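Have a look at this one:
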């Protein structure tokens, strides 16, 4: 049986999963790749730290150069988080002649063009299936399996932490802070979950998927984003009442050459596949002009699903498929993107609006007047029965027909100026 | 821009879709494959028949030899249905040095081992993404993207015609014959839908997917199968009442080295992804030991989705990925399958049983006694209120705890012998 010598840099939970797969299940790579992937070096910062997997003696090292200088190793799983030294390590791996497999989405979202250009210059490849949606092979599906299509729309639930929290809040009325604590206890959320909860993580993943699906070259920090950290239980409950669920959606929609990209909590109609994605699962819905809608659902994180993606990439790289894909796809190298990023205000959609009012005879007439002046037509109004207390604040919910985000923003600004309005105007896009 | 010269054999609706994709959207293959796929020959039986797509002059021919003898053509889309002459044409294409892309599932299910062996002997490849589940790239996902996993379970809704009919019957109470007529009107069902409705089509697809997922080498006609053609509206309605939907499921379940494969109408719990697959959609749920459950949903047939899969395969073949996959996977060539097909009777599952009875004081005691003697424990019993008329036949529904199909078959046989039982015993597997 042929052997391909491989290395690992980083040995956290994902690294341990990869090592276990390669050490205990060599029959799988034998059957699917016609070869054994043989671990020669595992580079870690601290060789004395206890590891959950037993490595053959002589493999563990804190000396990256041992791996770099071993010319028998051709494929390296780069399992280092963050930007530095992850970036430098990847460049050194490429420069020493290794093909790289990575799970580091933040690094690619930040420095993808530099790293891909450098890999191409050096005749090397970077595979990154594990960087988005963990065990769901969405990178291969979009960039290879669906590549006869013009992708027209992409809707992803890409942050498992947010989806877990919003599932608990929606289904059991768990307060945000308790749901977050539960996610942390279960290992779904980082100790510092800020990037999960404010939409950054989903925006980084959308930047990668958007490049593959649409050819867009947008940096993640240019993607308008809002997380779930300020969504109120009240709006989750109204959404349910109207037959929707609130989900943090990474959204890409192409009209002609104009691409809208955004990350935001959105109302998704109950019973549609995306709405039924629960707990810490991820999912992606893609619409191609030939294939129609295709939907993918699975575990978006966790050591074992991520290891599944990393090892699939290592096999692809060892047998030579990755090099072909990398050469032909020319990722992050297009001189000119085939699409232009549309300004956020021109987003065309239906919206959910909710604000609190006190009793006043002209509430509906005044609000309807503002919406009318902005060309917004109302599909549904819901006003809770007014209580006896004339000072009680009661929510007013409106769902609009198709309009633009700019119109909604302007109308919301005017609505908050009415004396009878006692809250900000919550506004959430409704997915068709 | 590099060109790869390609040919098509067959020009029905799928062929027209492929031709349109390649002729009108060359920018896609340029972007994703770094080359143009240039159509040199389209071989049809009748060159005079009107075609829905305009081909460049000189391309259309009824002479297969023109294609076979043109050594500039390296990739051919084989879009001929049925077994013969499809088999002979494929062998001749391989023998003349062409790599083949096919959508013909029946041909592969019947003659896969012969065709794959011959292709390997000749140093050629066969790609067949379009042969199962149309636009859903399930072949690539199972054989490449998830190949680090031991697949433990596979559950597919693989026949769009059956799923359309059962959706209409379940949701609107449409009689079977009307739903079938509607499917035919909408182009979802063949003029002769027998192979769709009796489970043959799903069994052929399961034979292919089972080989990829489990390494099984079972011929489709050895797969126990039942279609939806004799499922009664009564059972659809009881299933719904108990929180399930009936779906035609292609089922593979591995325990140790023992593989259960079967195609049958089964009860799937409402709200789970598989249960919510509606209309003519297909879906596949795969559970791998590392990746966990992954779910794929999309259009399983139709000219455009199938063309999407065919062209993705043509690109993979043109750039050289298919050849690598074909060489490393050794499909249908394993000397020894890693699994053994378990006898149907040993299927371990929960079951739904329904039969009609007339009033009799010992009905429940007698039925419970039989089940008890066969080691079957009852989870739920439902008996409709008995009417005044002591001769009225009323349905008795039982849902069992986990047992074996053999126990259920024996018990059912005994139950039908009671004088108060006035129907056969319907028995449907319940998916966990």
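Protein chains in written order, with the working numbering: chain L, 114 to 545; chain H, 114 to 545. Ideal placement from N, C-alpha and C gives every residue a C-beta, glycine not left out. Given the structure is predicted, the values throughout are model-derived calculations rather than measurements.
Query	Result
Quick one: what does DSSP say residue 130/H is sitting in, helix, strand or coil?	helix
Is the Cβ-Cβ distance between residue 114/L and residue 132/L less than 8 angstroms?	no
Does residue 242/L come out as helix, strand or coil in the three-state DSSP assignment?	helix
Using a Cβ-Cβ distance under 8 angstroms, would residue 453/L count as near chain H?	no
Of all the options 278/H, 135/H and 247/H, which has the alpha carbon lying nearest to the alpha carbon of residue 413/H?	247/H
Look at residue 541/H and residue 379/H and say whether their C-beta atoms are less than 8 angstroms apart.	yes
For the stretch 227-234 of chain H against the stretch 390-407 of chain H, do three or more pairs of beta-carbon atoms, one drawn from each stretch, fall closer than 8 angstroms, so that the two count as touching?	no
Taking all protein chains shown into account, do 16 or more other C-beta atoms lie within 10 angstroms of the C-beta of residue 244/L, making it buried, or fewer, making it exposed?	buried
Taking residue 406/H as the reference, which of 369/H, 159/H, 259/H and 494/H has the closest Cα?	259/H
Which runs of the alpha helix (DSSP H) spanning at least 4 residues fall entirely within the stretch 145-232 of chain H, listed in chain order?	177-181 and 199-208
In chain H, which residues lie less than 7 angstroms from residue 248/L when you measure between Cβ atoms?	404, 405 and 407
Determine, using beta carbons only, whether residue 528/H and residue 538/H come nearer to each other than 8 angstroms.	yes
Using CA coordinates, which residue listed in 279/L, 425/L, 435/L and 513/L is at the minimum distance from residue 391/L?	279/L
Tell me which residues of the stretch 261-279 of chain L have at least one Cβ-Cβ distance to chain H shorter than 9 angstroms, keeping chain order.	261, 262 and 263
Check the Cβ-Cβ distances between residue 420/H and every residue of chain L, and say whether any is below 8 angstroms.	yes
Is residue 151/L closer than 8 angstroms to residue 201/L when the C-beta atoms are compared?	no
Which term fits residue 485/L, buried or exposed, when burial requires 16 or more other beta carbons within 10 angstroms of its beta carbon?	exposed
Establish whether the CB of residue 226/L and some CB of chain H are separated by less than 8 angstroms.	no
So residue 259/H contacts chain B; which residues on that side make the cut at Cβ distance below 8 angstroms?	Chain labels in this structure do not include chain B; the protein chains are L and H.
Can you tell me which of 320/H, 288/H, 389/H and 295/H puts its alpha carbon nearest to the alpha carbon of residue 347/H?	288/H
On the CB-based measure, 16 or more other CB atoms within 10 Å of its CB, does residue 162/H come out buried or exposed?	exposed
If contact is defined by three or more beta carbon pairs under 8 angstroms, each pair taking one atom from either stretch, is the stretch 418-434 of chain H in contact with the stretch 498-512 of chain H?	no
Does the distance from the C-beta atom of residue 471/L to that of residue 535/L stay below 8 angstroms?	yes
Please report how far the alpha carbon of residue 96/H lies from the alpha carbon of residue 502/L, in whole angstroms.	Within the shown structure, residues of chain H are numbered from 114 to 545, placing residue 96/H beyond reach of any answer.
When you compare only the Cα positions, how much space is there between residue 374/L and residue 236/H?	45 angstroms
If you check the beta carbons only, do residue 130/H and residue 153/H fall under 8 angstroms apart?	no
Under a Cβ-count criterion, where at least 16 other Cβ atoms within 10 Å of its own Cβ denotes burial, should residue 296/L be classed as buried or exposed?	buried
On the premise that residue 311/H lies in contact with residue 342/H, defined as a C-beta separation below 8 angstroms, what is that separation, rounded to the nearest angstrom?	6 angstroms
Shorter than 8 angstroms from the beta carbon of residue 146/L to some beta carbon of chain H?	yes
Below 8 angstroms on the Cβ atoms is my guess for residue 516/H versus residue 468/H; work out the distance and round it to an integer in Å.	At roughly 17 angstroms, the Cβ-Cβ gap does not stay under 8 angstroms, so residue 516/H and residue 468/H are not in contact.
Taking the CB atoms as reference points, tell me whether residue 166/L and residue 122/L lie closer together than 8 angstroms.	no
Short check: CB of residue 442/L to CB of residue 187/L, under 8 angstroms?	no
Kindly indicate which three-state DSSP category residue 276/L falls into: helix, strand or coil?	helix
Quick check: is the beta carbon of residue 473/L nearer than 8 angstroms to any beta carbon in chain H?	no
So, with DSSP's three-state summary, where would you put residue 260/L?	coil
Do you know offhand how far residue 274/H's Cα is from residue 301/H's?	6 angstroms
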